[in-house]
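J.:
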Ligand code: NAI
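In the numbering used here, the protein residues as written are 16 to 435.
1. Please state whether DSSP places residue 302 in a helix, a strand or coil.
2. One question on the structure: do residue 291 and residue 204 come within less than 7 Å of each other, judged by their Cβ atoms?
3. Would residue 60 be called buried (16 or more neighbouring beta carbons within 10 Å of its own) or exposed?
4. State buried or exposed for residue 325, treating a residue as buried only when at least 16 other CB atoms are found within 10 Å of its CB.
5. On the CB-based measure, 16 or more other CB atoms within 10 Å of its CB, does residue 418 come out buried or exposed?
6. Is residue 269 buried or exposed, if buried means 16 or more other CB atoms sit within 10 Å of its CB?
7. Could you check the C-alpha separation between residue 388 and residue 261 for me, to the nearest Å?
8. Identify which residue in 173, 360, 276 and 256 has its Cα closest to the Cα of residue 399.
9. Taking C-beta to C-beta, are residue 162 and residue 426 nearer than 7 Å?
10. Is the separation between the beta-carbon of residue 384 and that of residue 44 shorter than 7 Å?
11. Within the continuous alpha helix (DSSP H) that includes residue 409, where are the two ends?
12. Could you check whether the Cβ of residue 376 sits closer than 6 Å to any heavy atom belonging to ligand 1?
13. With three or more beta-carbon pairs closer than 8 Å as the criterion, would you say the stretch 355 to 368 touches the stretch 110 to 130?
14. Just how far apart, CA to CA, sit residue 251 and residue 98?
15. Check whether the stretch 346 to 355 touches the stretch 187 to 195, counting contact only when three or more Cβ pairs, one atom from each stretch, lie closer than 8 Å.
16. For the alpha helix (DSSP H) holding residue 110, just list the boundary residues, first then last.
17. Of all the alpha helix (DSSP H) runs that stay within the bounds of the stretch 228 to 314, which reach a length of 4 or more residues?
18. Shorter than 6 Å, the distance from the beta carbon of residue 81 to the closest heavy atom of ligand 1, or not?
19. Taking the alpha-carbon of residue 39 as reference, which of 65, 358, 76 and 56 has the nearest alpha-carbon?
20. Select from 287, 288, 236 and 311 the residue whose C-alpha is nearest the C-alpha of residue 275.
21. State the beta-bridge partners of residue 148 as determined by DSSP.
22. Near residue 185, which residues of its chain fall below 6 Å by C-beta distance, leaving aside the five closest residues on each side in sequence?
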């Protein structure tokens, strides 16, 4: 029933459904990839997720890590990742040095970065300059200047560079994107993206280990708190699904918890170049709310709604028709090609956060295999978010902060190298 959208060619993506054992061998390389991880030390949040998601399809094995900037804590973490002592490093510098000295057939193929924001730039830049492919967590860097410098480094290299805005890996998000690209909703009039959490309403900066502490410290988080941490996910999701190019932004940021240095709530209004209007709202202080990332899109022919807390459903309302709920149901002819290719289990078995994260890694591995075998690969309009999306995300953060400081004045938000 569905045809693949124009700029996602089938050749660009390996189909995991039905599961294929040869994916583990990353054709034409015919071997598993070797992963290195920076971050993911004891008690950390997203590093272990990177480890699981990357190995989800058995296409790679983690062989090296600098899991903490404290060598002892790095060593403590290594056994749970199955990483040998000889390749457990006390710093990212030691990791890059040690891995670069190994024969090509042994050293890591890519480095995943799961450390706090202020460290992304130096680690990613050094890894790219050493010739390693990079999977970096968001936001790309601490500020826009760093992001632009990193983009230049990536453009001067031939590495694969991905950014883990992992929600773009959900099959029903990819379905929404392909349906919009196919014109099923007509011209896009409006987007409403919100990411609502509550954990920072109840948690002070001091009582939750590093998780809350660095996120509320401008020197480690960047110019924004909640807006850098999760509004960037919501903004990027709207961009990815609609392809609409922003023109300008007006934003109000608020800090509701007394004594906090950075915003914990905010709303941005975005004017898009083709006339659409968007809203991004993010909160980390809404009692009882968990990870309520929600996307709504209105078009001239219909509208859609998706929530990450029920990620296997996409609600579609077409002009003059009863409401429809599309489900993640491969093999039924109701899924678009990339959405179907991003599914593993038959309908009704819930797929979630890990699978979506793994879908990002899958597409990255396809490009790493291409690079290693000398084949060309796309760098900007990739299936997965990349360094260009990262620069656009940093521009979004900086302009939201600037707007909020100027009583919500309109600020330009047009990034010439943005994906379509
Ligand atoms: P965390 O504080 O839980 O963990 C950070 C880890 O990095 C710790 O183990 C720490 O010891 C280690 N670390 C810090 N500096 C280091 C260095 N120089 N070298 C080696 N290790 C170092 O932080 P969390 O929540 O895991 O966040 C990490 C990054 O991932 C942040 O940039 C955050 O924005 C992003 N993130 C992304 C998510 C997503 O859904 N994509 C979800 C959560 C976080």
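Even glycine gets a Cβ: it sits at the ideal position worked out from N, Cα and C.
T.: So, to answer that:
1. Locating residue 302 in the chain shown gives position 287, where the first residue counts as 1. Residue 302: coil per DSSP, three-state reduction.
2. If you number the chain shown from 1, residue 291 lands on position 276. If you number the chain shown from 1, residue 204 lands on position 189. In this structure, residue 204 lies closer than 7 Å to residue 291 by Cβ.
3. Taking the first residue of the chain shown as 1, we reach residue 60 at position 45. It is exposed - the Cβ of residue 60 has fewer than 16 other Cβ atoms within 10 Å.
4. Stepping through the chain shown from its first residue, residue 325 is reached at position 310. Residue 325 comes out exposed.
5. For the purposes of this step, residue 418 is identified with residue 403 of the chain shown, where counting begins at 1. So residue 418 ends up on the buried side.
6. On the chain shown, position 254 is the one that residue 269 refers to. Flag for residue 269 reads exposed.
7. Within the chain shown, numbered from 1, the residue matching residue 388 stands at position 373. Within the chain shown, numbered from 1, the residue matching residue 261 stands at position 246. When rounded, the distance between both Cα atoms is 36 Å.
8. If you number the chain shown from 1, residue 399 lands on position 384. Among 173, 360, 276 and 256, the Cα nearest to that of residue 399 belongs to 256.
9. Your numbering for residue 162 matches position 147 in the chain shown. Your numbering for residue 426 matches position 411 in the chain shown. No, they are not a contact pair.
10. Position 369 of the chain shown, counting from 1, holds the residue named residue 384. Position 29 of the chain shown, counting from 1, holds the residue named residue 44. Taking 7 Å as the Cβ cut-off, residue 384 and residue 44 qualify as a contacting pair.
11. Indexing the chain shown from 1 puts residue 409 at position 394. Where residue 409 is concerned, the enclosing alpha helix (DSSP H) stretches over 402 to 420.
12. As a working mapping, residue 376 is identified with position 361 in the chain shown. Incorrect: residue 376 has no Cβ contact closer than 6 Å to ligand 1.
13. no
14. Within the chain shown, the letter at position 236 stands for residue 251. Within the chain shown, the letter at position 83 stands for residue 98. Their Cα atoms are separated by approximately 33 Å.
15. yes
16. Here residue 110 is taken as the residue at index 95 of the chain shown, counted from 1. Run containing residue 110: 107 to 116, per the alpha helix (DSSP H) assignment.
17. 233 to 236 and 247 to 257
18. On the chain shown, position 66 is the one that residue 81 refers to. Flag set: Cβ of residue 81 near ligand 1.
19. On the chain shown, position 24 is the one that residue 39 refers to. Of the candidates 65, 358, 76 and 56, the one whose C-alpha sits nearest the C-alpha of residue 39 is 76.
20. One-based indexing of the chain shown puts residue 275 at position 260. When only C-alpha atoms are compared, the closest one is 236.
21. If you number the chain shown from 1, residue 148 lands on position 133. Looking at the DSSP assignment, residue 148 forms a beta bridge with 125.
22. The count along the chain shown starts at 1 and reaches residue 185 at position 170. Closer than 6 Å at Cβ, skipping near neighbours: 326 and 371.
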